[in-house]
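Undergrad:
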Amino acid sequence: MKLNRKTVDLVKLGEELTAAGVPHNALGTAGDEIFTYNEQGEPLELPAEAGVVIDSHVLPQPEPDPDEELAVAITAATTLDQLKNALLGKVGKSARAKGKAV
-13 MKLNRKTVDL VKLGEELTAA GVPHNALGTA GDEIFTYNEQ GEPLELPAEA GVVIDSHVLP
47 QPEPDPDEEL AVAITAATTL DQLKNALLGK VGKSARAKGK AV
């Protein structure tokens, strides 16, 4: 089945295919093709119903980097309170820099 230059996360796509009831084994790609494998490990065309799942597949968003968020918050701080909040991890999307030594 053609991917039409779409980038996919094979693990997530496999979960989505399973949730949609599309039969498949492990997934693989070669060039612009995506396929599953038969019991002998040979490439096998995915069922036609996989096309809808592949078309609606969206890559997961990467987790924010706490070190990068901390650096941005420290750089953007213009007051002592803002700097304090940045160092305590009270700013940024993840606020996972909390307690991190600087």
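Mapping to this note's numbering: the sequence shown position 94 is 80, numbers consecutive. No residue lacks a Cβ here, since even glycine has one placed at the ideal position from N, Cα and C.
(1) I'd like the ranges of any beta strand (DSSP E) spanning at least 3 consecutive residues and lying wholly in the segment 8 to 53.
(2) Leaving out the 5 sequence neighbours to the left and right, which residues in its chain are closer than 7 Å to Pro33 when beta-carbon positions are compared?
(3) Which whole-angstrom value describes the C-beta separation of Thr4 and Asn11, a residue pair presumed to lie in contact below a C-beta threshold of 8 Å?
(4) Less than 8 Å between the C-beta atoms of Leu45 and Thr(-7), yes or no?
(5) Between which two residues does the alpha helix (DSSP H) holding Leu99 run?
TA: With the structure as the only source:
(1) 13 to 16 and 19 to 23
(2) Val8 and Pro9
(3) In fact, because the Cβ distance is near 11 Å, the residues do not count as touching under 8 Å.
(4) Going by C-beta atoms, Leu45 is nearer than 8 Å to Thr(-7).
(5) No information on residue 99 is available, as it lies outside the stretch -13 to 88 that the chain covers here.
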